[in-house]
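The sequence shown lines up with residues 109 to 285 when you count with the numbering used here. We treat Cβ as the ideally placed atom computed from N, Cα and C, and that holds for glycine. Just so we're clear, the structure is a prediction, and the values are computed from it rather than from any experiment. For reference, the structure discussed in these notes is given below.
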Amino acid sequence: MKFIQAVTVALVLGWLAGCSSTGDTKESEVAVEDHSDVAAGGAATSSGVGAYGDLTIESLNDPNSPLAQRVIYFAFDSSDVAEQDREILAAHAAFLSANPEVKVNVEGHTDERGAREYNIGLGDQRAQSVRRMLEFQGVAPAQISTVSFGEEKPAVEGHDESAWSMNRRVELVYVGY
109 MKFIQAVTVA LVLGWLAGCS STGDTKESEV AVEDHSDVAA GGAATSSGVG
159 AYGDLTIESL NDPNSPLAQR VIYFAFDSSD VAEQDREILA AHAAFLSANP
209 EVKVNVEGHT DERGAREYNI GLGDQRAQSV RRMLEFQGVA PAQISTVSFG
259 EEKPAVEGHD ESAWSMNRRV ELVYVGY
């Protein structure tokens with residue numbers, strides 16, 4: 109089992125290393141993509157798999173659990189998931205794979221710089237990057253819904269790099285929990 113996990117992680121990292129964002133976003137791109145009927149599901153009782161075998165629904169609210177970390181931050185004008193965030197996404201993927209009744213909204217955000225249309229597209233690219241990572245690690249597409257808010261829902265108000273860096277993010281929002 110550990111060999112399969114190691115191979116899976118190596119494949120994910122190799123795949124992500126080959127991915128890059130061109131930064132080109134057309135105004136006609138669709139900003140919201142929903143691949144599932146996102147409704148509150150029943151309570152999940154099974155645990156995660158592999159290295160995250162002890163993850164349960166209660167882990168979502170445990171500050172010591174990797175599932176408590178539900179915000180992924182991005183570099184300026186980028187939709188590439190940073191190396192330090194891949195382990196967090198691996199934990200969420202293990203949890204979701206082991207709990208197929210649980211659904212998650214993947215919400216893409218940007219800072220205030222750039223045109224509104226561009227930021228909606230960039231937020232969508234960020235949400236799709238996270239979605240692809242989760243799916244590649246075994247999460248069913250029906251469990252994931254994506255949306256881009258662009259610059260419309262800042263986490264931090266401000267007009268400097270400190271605020272902007274906190275607003276360039278994807279939030280994982282579990283439905284019904």
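Spatial distance of Ser-295 from Leu-242 (CA atoms): Past the edges of the chain, shown from 109 to 285, lies residue 295, and the structure says nothing about it.
Among Ala-199, Lys-211 and Glu-215, the one whose alpha carbon lies nearest that of Arg-276: Mapped onto the sequence shown, residue 276 falls at position 168. Here the closest residue by C-alpha is Glu-215.
Range covered by the beta strand (DSSP E) that runs through Leu-280: Start at 1 with the first residue of the sequence shown, and residue 280 comes out as number 172. Per DSSP, Leu-280 belongs to the beta strand (DSSP E) from 277 to 282.
The stretch 184 to 198 in contact with the stretch 229 to 249 per 3-pair CB rule at 8 Å: In this structure the stretch 184 to 198 lies against the stretch 229 to 249, because at least three pairs of beta carbons, one per stretch, are closer than 8 Å.
Three-way DSSP call (helix, strand, coil) for Val-189 in this model: Counting from 1 along the sequence shown, the entry for residue 189 is found at position 81. Val-189 falls in the coil class under three-state DSSP.
With 16 other Cβ atoms within 10 Å as the buried cut-off, status of Arg-224: Here residue 224 is taken as the residue at index 116 of the sequence shown, counted from 1. Exposed, since its Cβ has fewer than 16 Cβ neighbours within 10 Å.
Sequence-distant residues of the same chain with beta carbon closer than 6 Å to Thr-130, five excluded per side: As a position in the sequence shown, residue 130 is number 22, starting the count at 1. Interpretation of Thr-130 is limited by its pLDDT of 43, a score under 50 that renders its predicted location unreliable; no figure is taken from the coordinates.
First through last residue of the beta strand (DSSP E) which encompasses Gly-216: Here residue 216 refers to the residue found at position 108 when the sequence shown is read from its first residue. Looking at the DSSP string, the run of the beta strand (DSSP E) that includes Gly-216 is 212 to 217.
Range of the contiguous alpha helix (DSSP H) that encloses Val-238: Taking the first residue of the sequence shown as 1, we reach residue 238 at position 130. Taken as a continuous stretch (DSSP letters only), the alpha helix (DSSP H) holding Val-238 covers 224 to 244.
Sequence-distant residues of the same chain with beta carbon closer than 6 Å to Ile-196, five excluded per side: Working through the sequence shown from its first residue, we reach residue 196 at position 88. Within the same chain, Ile-196 has close Cβ partners Pro-174 and Gln-177.
Sequence-distant residues of the same chain with beta carbon closer than 7 Å to Gln-236, five excluded per side: The sequence position of residue 236 within the sequence shown is 128, counting from 1. Excluding positions up to five away in sequence, the list reads Thr-254.
Whole-angstrom distance between Ala-190 and Val-238, CA atom to CA atom: Position 130 of the sequence shown holds residue 238. Position 82 of the sequence shown holds residue 190. For Val-238 and Ala-190, the distance between alpha carbons rounds to 11 Å.
Residue from Leu-280, Ile-165 and Phe-182 with nearest C-alpha to Glu-269: Numbered from its first residue, the sequence shown carries residue 269 at position 161. The option with the nearest alpha carbon to Glu-269 is Phe-182.
Minimum C-alpha distance to Gly-258 - residue among Gly-284, Leu-280 and Arg-221: In the sequence shown, the residue the question calls residue 258 occupies position 150. Checking every option, the nearest Cα to that of Gly-258 belongs to Arg-221.
Residue burial classification, Asp-219 (beta-carbon count within 10 angstroms, cutoff 16): Taking the sequence shown and counting its residues from 1, the one referred to as residue 219 is at position 111. That one is buried.
Where Gln-192 falls, given that 16 or more other Cβ within 10 Å makes a residue buried: Translated into positions along the sequence shown, residue 192 becomes position 84. Its Cβ having fewer than 16 others within 10 Å, Gln-192 is exposed.
Option nearest Val-179 by Cα separation, candidates Gly-266, Ala-248 and Val-212: Numbered from 1 along the sequence shown, position 71 holds the residue referred to as residue 179. Nearest of Gly-266, Ala-248 and Val-212 to Val-179, Cα basis: Val-212.
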